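For reference, the structure is listed below as structure tokens.
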Amino acid sequence: MGVLGSHGEVGRQVAALLRASGHMVNCGNRSHHTSDERTAIVDAHDEESVNKFSRDLDVVVNCAGPSCLLKTSVASALPDSVGYIDPFGANSFDNYPTNRPCVVNAGATPGLSGLLLRHLAGLIDDCQSVTLCTGGRDRGGLSGLVDVVLSTHNSYGHPGKMIVDGDLVAYQPGSIHAEDLEPFPSDDGLIASPFVTNELRKVAQDFSIPRLIGVTAIPDRDTQQLLLRALSQTDISDPTTLMNLCADIAAAKTKLDAGKNHWFAIQATVHGTLRGRPVRVSGSVHAPDSTFITALFVAEATKSVIRDELLTGPKWGYELPAPQTVLSSLASYSVDIKIVGPTATTDAPQWSDDDDAGFI
1050 MGVLGSHGEV GRQVAALLRA SGHMVNCGNR SHHTSDERTA IVDAHDEESV NKFSRDLDVV
1110 VNCAGPSCLL KTSVASALPD SVGYIDPFGA NSFDNYPTNR PCVVNAGATP GLSGLLLRHL
1170 AGLIDDCQSV TLCTGGRDRG GLSGLVDVVL STHNSYGHPG KMIVDGDLVA YQPGSIHAED
1230 LEPFPSDDGL IASPFVTNEL RKVAQDFSIP RLIGVTAIPD RDTQQLLLRA LSQTDISDPT
1290 TLMNLCADIA AAKTKLDAGK NHWFAIQATV HGTLRGRPVR VSGSVHAPDS TFITALFVAE
1350 ATKSVIRDEL LTGPKWGYEL PAPQTVLSSL ASYSVDIKIV GPTATTDAPQ WSDDDDAGFI
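Position in the sequence shown (from 1) plus 1049 gives the number in the numbering used here.
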């Protein structure tokens, strides 16, 4: 196995997790920061450099980032027999060749967010509505912020929208309830912002979910302003300029978060029926930050490719075989995971037959 960007926070943990599972891992970075004899100098922007690094490997994990800038130079440089894993990727791999294993959007969000929702939907007979909330006061990183900006411009995310019968529609105020935000701290003035990703659209389509609400949980208004500043960048044609702008925003966020507790959470609430009766099932994941969750999810995706469970690509992370295996692996590393239900409900959802908003 090969891990590009193994000096980064996610890449370092991916390499460690794979080695702990007994796999031989070669690392590639732009420079040597460690004495690891299996670390090679690799320029992720140079296809020839990537190809040389990957020739004797079964799979390459791209943690170099930003994924939206490196997709061509890394993925397209691999020999035909080498699988490709990417913690992100957004919509960039829709037309990727299908003759090799490829798993993209295999992180915390997207990745675990969709897989948790898939797991919960599979616990009931008929899934009628879903609310999925993700976010936190996360450490993140520069590459991740650049990916968020680029993916939004690439129509991966849809602010102020929800999904009804497969279509994007304007968010209906009042659709987010207190129960949907149970694992999220509220002492900092939490902001719940409607935001639908293409991962959620794909899950809604796969499981015929008629109504789905996605929510980004932002810890406070200052953080929201920094995020809006990043998303308002209109000049994305020059990667250097974009990286510099995002670096300034990331530095401001680090200063803003100084002395505050970091946290990250995913909460999914599903309503539907089981044996003809209305039920509710929910699941949550809570951790100090998203980087370890991303690393563990990437490691599980990589092992799935090695086991030939995913023979052709591209696949999205939420499509990994055996969701329970991933959740159990997270729990074994003391990640806080709670599944509640299915439990019977008596009240009809507010959006059911009496809804006059035009959505149903």
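Cβ atoms here follow ideal geometry from the backbone N, Cα and C, with glycine treated the same way. The model shown is predicted, which means the values in this text are computed figures rather than measured ones.
Straight-line gap, residue i to residue j (C-alpha atoms, nearest Å)
| i | j | result |
| --- | --- | --- |
| Ala1089 | Gly1077 | 5 Å |
| Gly1054 | Gln1221 | 41 Å |
| Glu1231 | Leu1166 | 16 Å |
| Val1328 | Ala1317 | 14 Å |
| Leu1249 | Met1211 | 10 Å |
| Ser1331 | Asp1385 | 14 Å |
| Gly1407 | Asn1075 | At Gly1407 the pLDDT is 28, less than 50, meaning the model places this residue with poor confidence; the figure from the coordinates comes in the next sentence. For Gly1407 and Asn1075, the distance between alpha carbons rounds to 55 Å. |
| Pro1208 | Gly1071 | 42 Å |
| Ala1296 | Gly1206 | 21 Å |
| Asp1105 | Pro1370 | 26 Å |
| Gly1390 | Asn1154 | 28 Å |
| Gly1156 | Ala1113 | 14 Å |
| Ala1241 | Met1073 | 43 Å |
| Arg1326 | Ala1393 | 7 Å |
| Tyr1133 | Val1110 | 6 Å |
| His1335 | Leu1199 | 27 Å |
| Asp1135 | Ser1116 | 7 Å |
| Ala1397 | Asn1140 | A caution first: Ala1397 carries a pLDDT of 48, below 50, which makes its placement in the model unreliable, though a value can still be read off. Taking the straight line joining both Cα atoms gives about 36 Å. |
| Glu1368 | Ile1298 | 33 Å |
| Ser1257 | Gly1060 | 35 Å |
| Ala1093 | His1320 | 44 Å |
| Asn1310 | Val1052 | 30 Å |
| Gln1062 | Val1195 | 21 Å |
| Ile1388 | Ser1333 | 7 Å |
| Leu1118 | Gln1282 | 16 Å |
| Ser1162 | Leu1127 | 28 Å |
| Thr1290 | Gly1057 | 22 Å |
| Gly1018 | Met1050 | One cannot answer for residue 1018 here, as it falls past the ends of the chain, which runs 1050 to 1409. |
| Asp1214 | Ala1307 | 43 Å |
| Gly1366 | Leu1164 | 7 Å |
| Asp1216 | Ser1130 | 38 Å |
| Arg1149 | Thr1351 | 13 Å |
| Gln1274 | Gly1238 | 14 Å |
Secondary structure of residue i, DSSP reduced to three states
| i | result |
| --- | --- |
| Val1123 | helix |
| Asp1403 | Because Asp1403 carries a pLDDT of 38, less than 50, the predicted location of this residue cannot be relied on, and no value is offered for it. |
| Ile1298 | helix |
| Ser1103 | helix |
| Arg1068 | helix |
| Tyr1367 | helix |
| Phe1346 | helix |
| Lys1210 | strand |
| Cys1117 | helix |
| Ala1227 | helix |
| Ile1409 | Reliability fails at Ile1409, whose pLDDT of 22 lies under 50, so the model's placement of it is uncertain and the value that follows must be treated cautiously. Coil at Ile1409, not helix or strand. |
| Gly1132 | strand |
| Arg1061 | helix |
| Gly1138 | coil |
| Ser1353 | helix |
| Phe1233 | coil |
| Thr1158 | coil |
| Ser1192 | helix |
| Ser1055 | coil |
| Met1050 | coil |
| Ser1331 | strand |
| Ala1397 | With a pLDDT of 48 at Ala1397, under the threshold of 50, the modelled position of this residue cannot be trusted, and the question is left open. |
Residue i, enclosing alpha helix (DSSP H) - first and last residue
| i | result |
| --- | --- |
| Ser1381 | 1372-1381 |
| Leu1166 | 1161-1170 |
Boundaries (first-last residue) of the beta strand (DSSP E) holding residue i
| i | result |
| --- | --- |
| Ser1178 | 1175-1186 |
| Leu1217 | 1216-1219 |
| Cys1076 | 1075-1078 |
| Cys1151 | 1151-1153 |
| Asp1385 | 1385-1393 |
| Arg1324 | That residue, Arg1324, is in no beta strand (DSSP E); it is neither H nor E in DSSP. |
| Pro1088 | The residue asked about is misnamed: residue 1088 is Thr in this sequence, not Pro. Unbroken beta strand (DSSP E) run through Thr1088: 1088-1090. |
| Asn1310 | Note, Asn1310: premise wrong, no beta strand (DSSP E); not H, not E. |
| Asn1111 | 1108-1111 |
Please go through the segment 1236-1292 and give each complete beta strand (DSSP E) segment of 3 or more residues, from N-terminal end onward.
1240-1246, 1260-1267
Decide if the segment 1369-1383 is in contact with the segment 1165-1181; the criterion is three or more beta carbon pairs, one per stretch, under 8 Å apart.
yes
Assess contact between the segment 1298-1313 and the segment 1188-1195, defined as three or more Cβ pairs (one per stretch) separated by less than 8 Å. Is contact present?
yes
Three or more C-beta pairs under 8 Å: does that hold for the segment 1346-1356 against the segment 1120-1131?
no
With three or more C-beta pairs closer than 8 Å as the rule, is the segment 1170-1182 touching the segment 1258-1269?
yes
Below 8 Å, how does it come out for the segment 1089-1099 and the segment 1331-1341: are there three or more Cβ pairs, yes or no?
no
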